[in-house]
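Step one of this worksheet: look at the structure below.
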Amino acid sequence: MSGFAQKIIDWYNENKRDLPWRNLSDPYPIWLSEIILQQTRVDQGLPYFHKFFDKYPTVHLLANAEEQEVLRLWQGLGYYSRARNMHGAAKFISSELNGQFPDNFKDLKKLKGVGDYTAAAIASFAFNENVAVVDGNVYRVLSRRFGVEEDIASPKGKKIFQDLADSLLPQKKSDIYNQGIMEFGALHCKPKNPDCMFCVFSQECEARKTGKQTDLPIKIRKVKIKNRFFTYLVLEFKGRFAMKERLKGDIWQGLHDFPLLESENFYNEESLFDQTLISLKSLSRDVLRCESFGSYKHILTHQKIQAKFIHLNLKSENNLNKICEEYGLKLYSIEEIDKLPKPILINNFLKEHVF
DNA sequence: AACACGGGGCC
DNA sequence: GGCCCAGTGTT
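Given below as structure tokens:
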């Protein structure tokens, strides 16, 4: 075993966290945890793992659940296609494979939502297959320790890191080593403020020699962050809220949120109001004028969505208030929105339509 | 090869 | 306000 792998394993045995999906041989909870932890920190994913594993202790129970119920449990975790793919894969395993999990890297990759990383992780942790996992932690640890300055976002860079990870993989205890290098990246060789003073690689780390720790790994972002502006109408009818299912091909597809207007900015009020009128005609068939204020900010990786809520201009003759009164509707103001329990905000996709 | 897809934590 | 996180699927 290389000195590198040995040091990783020693560090891991000394510093590892006690996590519920560790030291298990059943691939189901391991798969569950890996899907949940894609692009997600352990602290954030942990409660979701418990929710899912408690509610669906076997792959059959998950497979037999309604998709809406699965999405409801996933609510707030983000990247909702993970939930849909996971549910689809559960159905496939339950019905086509008789509940028998694929037991090797190649077959695991055939599952929806299981790519190179996840297939390697499950193959390694559940079936002790000798494959190297490469995730964000591995990129960081390897790039720093070995001074690799290749762009991890490029296919060429990805291959270089995969090859390096493969070459470092020990023949024995590769599962422990895989867990170890990721844990080391998550807890010690962190993106910001890595603890280089007390590091097992303090002597041989290439990044430390050149002071480039926080410059590595190199990741060239090409996608520009887009700004989007949503104005929400929050309408209540006898304790239920008007919600719409979001269309495919956009964010939160298939999920539900409040009726909304999208504009290029919040200052383009005139056009926003015009749209409002058109949109509200489906509710009231009347001409309405609304006034907007307040804000709710929602930041995504590649989209910056700023949302706010509107209420009506009370001076208006045929205003939404009147319509609301007629129909027994309540239109929420921003102050009232702020007092609502958090799940009622735009993370929500409850399937409760008033109209 | 580029891009879409979430939400939360950190500095 | 920008970056990152136990990445994958689509085009």
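Under our numbering, think of the first position of the first sequence as 81, with each following residue one higher. C-beta: ideal position from N, C-alpha, C; glycine also.
Exercise. If you follow the beta strand (DSSP E) that Glu342 is part of, which residue opens it and which one closes it?
Worked result: Note, Glu342: beta strand (DSSP E), Leu340 to Ser343.
Exercise. Thinking C-alpha only, which one of Ala233, Pro100 and Leu249 is nearest Asp123?
Worked result: Measuring from the Cα of Asp123, the nearest candidate turns out to be Pro100.
Exercise. Below 7 Å between beta carbons: does that hold for Arg162 and Ile115?
Worked result: A contact, by the Cβ cut-off of 7 Å.
Exercise. For Phe264, is the classification buried or exposed, using 16 other Cβ atoms within 10 angstroms of its Cβ as the cut-off for buried?
Worked result: Buried.
Exercise. Based on Cα-Cα distance, which residue from Ala199, Trp111, Tyr128 and Lys186 lies nearest to Val139?
Worked result: The shortest Cα separation from Val139 among Ala199, Trp111, Tyr128 and Lys186 belongs to Trp111.
For this session: Using three-state DSSP, classify Ile426 as helix, strand or coil.
Result: Any answer about Ile426 is weak, because its pLDDT of 38 lies below 50 and its placement is not dependable; what the coordinates show is given next. DSSP, read as helix, strand or coil, puts Ile426 in coil.
Problem set entry | Nearest candidate by alpha-carbon position, reference Cys269, set Thr198, Lys239 and Ile88 | Selected option, being the one with the closest Cα: Ile88.
Exercise. Three-state secondary structure (DSSP) at Ile240?
Worked result: Ile240 falls in the helix class under three-state DSSP.
Exercise. Does DSSP put Ser375 in a helix, in a strand, or in coil?
Worked result: The predicted model places Ser375 with a pLDDT of 31, which falls under 50 and marks its position as unreliable, so this point remains unresolved.
Problem set entry | Cα-Cα separation between Cys276 and Phe226, rounded to whole angstroms | Each residue's alpha carbon lies about 15 Å from the other.
Exercise. With DSSP run on the structure shown, which of helix, strand or coil describes Gly106?
Worked result: The sequence given here has Asp at residue 106, not Gly. Coil, per DSSP.
Exercise. Taking the C-alpha atoms as reference points, what is the distance between Leu151 and Leu157?
Worked result: Between Leu151 and Leu157, the C-alpha separation is close to 10 Å.
Exercise. Would Ala206 pass as a contact of Leu188 if the rule is Cβ separation under 7 Å?
Worked result: No, the pair does not count as a contact, with Cβ atoms beyond the cut-off.
Exercise. If we ignore side chains and look at the alpha-carbon of each, how far apart do Ser372 and Thr120 end up?
Worked result: Unreliable positioning characterises Ser372 in this predicted model, as indicated by a pLDDT of 29, which lies under 50. The coordinate reading is nonetheless provided below. If you draw a straight line from the Cα of Ser372 to the Cα of Thr120, it is about 35 Å long.
Exercise. Using the beta-carbon count (16 or more within 10 Å), is Ile300 buried or exposed?
Worked result: The residue is exposed, with fewer than 16 neighbouring Cβ atoms inside 10 Å.
Exercise. Looking only at DSSP bridge pairs, what is Arg152 linked to?
Worked result: Note: Arg152 sits in no beta bridge, so no partner.
Exercise. Applying the criterion that 16 or more other CB atoms from any shown protein chain within 10 Å of the CB defines a buried residue, is Leu335 buried or exposed?
Worked result: In this structure Leu335 is buried. Its beta-carbon is surrounded by 16 or more other beta-carbon atoms within 10 angstroms.
Problem set entry | Under the three-state DSSP convention, the category His140 falls into | In this structure, DSSP gives His140 a helical state, which the three-state scheme calls helix.
Exercise. What separation, rounded to the nearest whole angstrom, lies between the Cα atoms of Leu249 and Leu341?
Worked result: Spanning the two alpha carbons is a distance of roughly 52 Å.
Problem set entry | Close beta carbons around Ser105, own chain, < 7 Å, minus the five adjacent residues each side | Closer than 7 Å at Cβ, skipping near neighbours: Ala206.
Problem set entry | Within 7 Å, strictly: CB atoms of Arg224 and Ala287 | Going by C-beta atoms, Arg224 is nearer than 7 Å to Ala287.
Exercise. How big is the Cα-Cα spacing for Gly193 and Lys292?
Worked result: Those two C-alpha atoms are separated by around 34 Å.
Problem set entry | Continuous alpha helix (DSSP H) stretch holding Gly216: start and end | Under the DSSP assignment, Gly216 falls in the alpha helix (DSSP H) whose first and last residues are Gly216 to Phe226.
Exercise. Which same chain residues, not among the five before or five after Ile379, have their C-beta less than 7 Å away from its C-beta?
Worked result: Here Ile379 scores only 37 on pLDDT, less than 50, and its place in the model should not be relied on; the value that follows carries that caveat. Within the same chain, Ile379 has no close Cβ partners at all.
For this session: Whole angstroms is fine: what's the gap from Ser343's alpha carbon to Asn307's?
Result: One C-alpha to the other measures close to 10 Å.
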